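Colleague: Please find one structure pasted underneath; my questions will follow.
In this note's numbering, the protein residues as written are 1477 to 1940.
Given below as structure tokens:
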């Protein structure tokens, strides 16, 4: 089919007349349009012509339509219609007046806490509504937060969101999201959960208050390494200590150390703005893992301030090199895809500029609070890192054995297989790992692999 070339005056779906281009991204272009049937202005997102025959892009586009249409919230841009006519796939959405937060940050730099917090709270409330129905956005960033003249936030672009129970739109091994706002677990190829969205919104909050992102580097790989292994600099001293503590708590490396929910994050932000010194001490809980999307893990690097060295000490350079090697293997092999296109247009990718030139000063109250109950008077001790390579079985269960073997090879581990007769999962799927670990380079991991009972196959003609 011939690719569509959107232009003013073009009628899409027989009723939506395009008037002016709003933005362009990796998937398509967004245009302001007029709905001739209902007589209202709308936004029409048209899938790029070069993707019209790509089943993966079409699936992702349909997924965005289904996910966004399932949500009804004042802080989420509404979806009105979706269609595929004459080879043209399009999504009709609410036309939100205003600008993306990315454009505002580029123009104005850091925002005052009294301005930033209400915007963050609205975004967190919207994410909570999505999480309540099992939907994880996976690409929270300023370009996807539209701000109206009335200072109302509208979250857009659920194109790479995942709903519990959905078949994966992305291939095994893909890393979806925008590097500057990617959670550590996403950077390591692990499943994104609601806690991942909280982290990304924490990055947005940091940028709003500091006028810069917590981590900057020359390449997506270097930025991903920073999210995994570095601690952000303290926020400027102009940010109230309770508020700084809440934002930094959202940037915890471990999902279980972040605010338990987006709603908790919104509540803590409000209390911190009112001066509540304990706003960041809400006991977090681990978010559930979406086991329907399991990806190869890149070995985590050491944090910026490790405690006592492990029994088998690994030099920092070796750990960082392992992380970099893992990332480069995935990227060079085509296993990782960085969705870096900003759906908010070219202005969304411009770096933000802080209005204040003074370097932020560190204050004890601005550091991330711990999850120790308030009654404890002694300082909490940092746990000693587990020596060797730790594996989370949940990350690998459900994958093809061949894919897991490749992932383990990246980590320097060997793999053997043990058949487990079952008809509950497709043949060749990993159902367990042993031993529990930790492992040293060169160790063998036994993969328990599903084998169909005699007379049954995997649905693809395999089996006895």
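C-beta atoms are modelled at their ideal positions from N, C-alpha and C, and glycine is treated no differently. Computed from a prediction, not measured in an experiment: that's the story for all the values here.
Relative to the C-alpha of residue 1491, which candidate in 1696, 1557 and 1505 has its C-alpha closest?
Modeller: Measuring from the Cα of residue 1491, the nearest candidate turns out to be 1557.
Colleague: Alpha carbon to alpha carbon, what distance is there between residue 1499 and residue 1485?
Modeller: Approximately 17 Å, taken between the alpha carbons.
Colleague: Could you tell me if residue 1924 is buried or exposed, where buried requires 16 or more neighbouring beta carbons within 10 angstroms of its beta carbon?
Modeller: Result: buried.
Colleague: Would you mind reading off the limits of the alpha helix (DSSP H) that contains residue 1895?
Modeller: Note, residue 1895: premise wrong, no alpha helix (DSSP H); beta strand (DSSP E) at 1890-1897.
Colleague: In whole angstroms, give me the CA-to-CA distance for residue 1896 and residue 1880.
Modeller: One C-alpha to the other measures close to 16 Å.
Colleague: What residues match up with residue 1566 in a beta bridge as DSSP calls it?
Modeller: Bridge partners of residue 1566: 1522 and 1559.
Colleague: Got a sec, what are the start and stop residues for the beta strand (DSSP E) residue 1924 sits in?
Modeller: Start and end: 1920-1927.
Colleague: For residue 1522, which residues of its own chain have a beta-carbon under 6 Å away from its beta-carbon, when the five flanking residues on both sides are left out?
Modeller: Counting only Cβ-Cβ distances below 6 Å, and skipping sequence neighbours, we find 1482, 1504, 1505 and 1566.
Colleague: Quick check for students: name the residue ranges of the alpha helix (DSSP H) that lie wholly in the region 1724-1759, counting only runs of 4 or more.
Modeller: Correct list: 1738-1749.
Colleague: Can you tell me which residues form a DSSP beta bridge with residue 1492?
Modeller: Bridge partners of residue 1492: 1488 and 1511.
Colleague: Could you spell out the range, first to last residue, of the alpha helix (DSSP H) harbouring residue 1681?
Modeller: Run containing residue 1681: 1670-1686, per the alpha helix (DSSP H) assignment.
Colleague: Specify, as a first and last residue, the run of the beta strand (DSSP E) that residue 1629 falls within.
Modeller: Looking at the DSSP string, the run of the beta strand (DSSP E) that includes residue 1629 is 1629-1631.
Colleague: How many Å lie between residue 1802 and residue 1702 at the Cα?
Modeller: The pLDDT assigned to residue 1802 is 43, lower than 50, so where the model puts this residue is not dependable; a value taken from the coordinates is nonetheless given after this. Between residue 1802 and residue 1702, the C-alpha separation is close to 14 Å.
Colleague: For residue 1630, count the other beta carbons within 10 Å of its own beta carbon; 16 or more makes it buried, fewer makes it exposed. Which is it?
Modeller: Buried is the call here.
Colleague: Between the C-alpha atoms of residue 1494 and residue 1632, what's the straight-line distance to the nearest angstrom?
Modeller: So the two alpha carbons sit approximately 20 Å from each other.
Colleague: Quick check: the Cα distance between residue 1603 and residue 1673, rounded to an integer number of angstroms?
Modeller: Spanning the two alpha carbons is a distance of roughly 8 Å.
Colleague: Using DSSP bridges, identify the partner residues of residue 1910.
Modeller: Bridge partners of residue 1910: 1922.
Colleague: CB residue 1741 to CB residue 1720, shorter than 7 Å?
Modeller: Result no, Cβ atoms of residue 1741 and residue 1720 do not sit closer than 7 Å.
Colleague: From the DSSP output, in three-state form, read off residue 1836 for me.
Modeller: Unreliable positioning characterises residue 1836 in this predicted model, as indicated by a pLDDT of 36, which lies under 50. The coordinate reading is nonetheless provided below. In the structure shown, residue 1836 sits in coil (DSSP, three-state: anything other than H, G, I, E or B).
Colleague: Can you tell me the Cα-Cα spacing of residue 1489 and residue 1656, whole angstroms?
Modeller: Distance between the alpha carbons of residue 1489 and residue 1656: 36 Å.
Colleague: Indicate the three-state DSSP secondary structure (helix, strand or coil) for residue 1482 in the structure shown.
Modeller: Note: residue 1482 maps to coil in three-state DSSP.
Colleague: Relative to the C-alpha of residue 1928, which residue among 1914, 1901 and 1615 is closest?
Modeller: When each option's Cα is compared against that of residue 1928, the closest is 1901.
Colleague: My understanding is that residue 1622 touches residue 1572, with C-beta atoms under 8 Å, so please give their C-beta distance in whole angstroms.
Modeller: Contact flag correct, Cβ pair sits at about 5 Å.
Colleague: Name the DSSP beta bridge partners of residue 1497, please?
Modeller: Beta-bridge pairing links residue 1497 to 1507.
Colleague: On the criterion of 16 or more Cβ atoms from any shown chain inside 10 Å, does residue 1926 qualify as buried, or is it exposed?
Modeller: Classification for residue 1926: buried.
Colleague: Mind checking whether residue 1711 and residue 1685 have CB atoms under 7 Å apart?
Modeller: Going by C-beta atoms, residue 1711 is nearer than 7 Å to residue 1685.
Colleague: For residue 1513, count neighbouring Cβ atoms within 10 angstroms of its own Cβ and tell me buried if that reaches 16, exposed if not.
Modeller: By the neighbour-count rule (16 or more Cβ atoms within 10 Å), residue 1513 is not buried but exposed.
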